[in-house]
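As structure tokens, the structure follows; a few thoughts come after it.
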Amino acid sequence: MQDARAFREAVLALVGMIPVGHVVTYGQIARVAGYPRRPRQVGMVLKGLPEDTTLPWHRVVNAQGLVPSRGRFWGALLQIQRLRDEGLEVAEDGTLDLERYQWRGEFTPWPQL
DNA sequence: ATGATGACATCTT
DNA sequence: AAAGATGCCATCA
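Numbering (the numbering used here), first residue to last: 956 to 1068.
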């Protein structure tokens, strides 16, 4: 590990690069950030985000396409709501079609945003 | 300081 | 295919 603070910064940066209408998994973020074995810490970072953050944290889901881990956490409903607002089809359970929505492209800063 | 917990993933029964 | 075990490490009690 290099630095917890740097890790957090990297994660936040990547999350902000997720295109609208797409989602990524925790493992994906961790891997691209350069920390292949720390998907969990990614979640820790997001948990620490302020409520008024502009970061699209709702576009981060687990590897199964299930929104929050145990089905319902503090704001699963909110996350699902937001995803739907962006035009994604999310089931009541919070499950969604990863094959269809997972972002597979490069994580680069928005070309025009 | 030690031990338990967790917005997860992956491997092994 | 489904359930259990392991890895990981920052945060909390």
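C-beta atoms are modelled at their ideal positions from N, C-alpha and C, and glycine is treated no differently.
Treat the numbers as computed from the prediction; the structure is a model and nothing was measured.
Return the chain-ordered list of same chain residues with a C-beta closer than 8 Å to the C-beta of Q1057, the five sequence neighbours on each side being excluded. Residue 1057 sits at position 102 when you count from the first residue of the first sequence. Here the set comprises H977, V978, V979, T980, Q983 and G1020.
Taking buried to mean at least 16 other C-beta atoms within 10 Å of its own C-beta, is Q1034 buried or exposed? Against the first sequence, residue 1034 aligns to sequence position 79. With 16 or more Cβ atoms within 10 Å of its Cβ, Q1034 is classed as buried.
Buried or exposed by the 16-neighbour rule on C-beta atoms within 10 Å, applied to G1049: By 1-based counting over the first sequence, the position of residue 1049 is 94. G1049 comes out buried.
For L969, which residues of its own chain have a beta-carbon under 7 Å away from its beta-carbon, when the five flanking residues on both sides are left out? Working through the first sequence from its first residue, we reach residue 969 at position 14. Contacts found: I984, V987, A988 and F1062.
Beta-carbon contacts of I973 that lie in its chain and below 7 Å, excluding the five residues immediately before and after: Here the question's residue 973 lines up with position 18 in the first sequence. Here the set comprises V979, P1011, R1014 and W1058.
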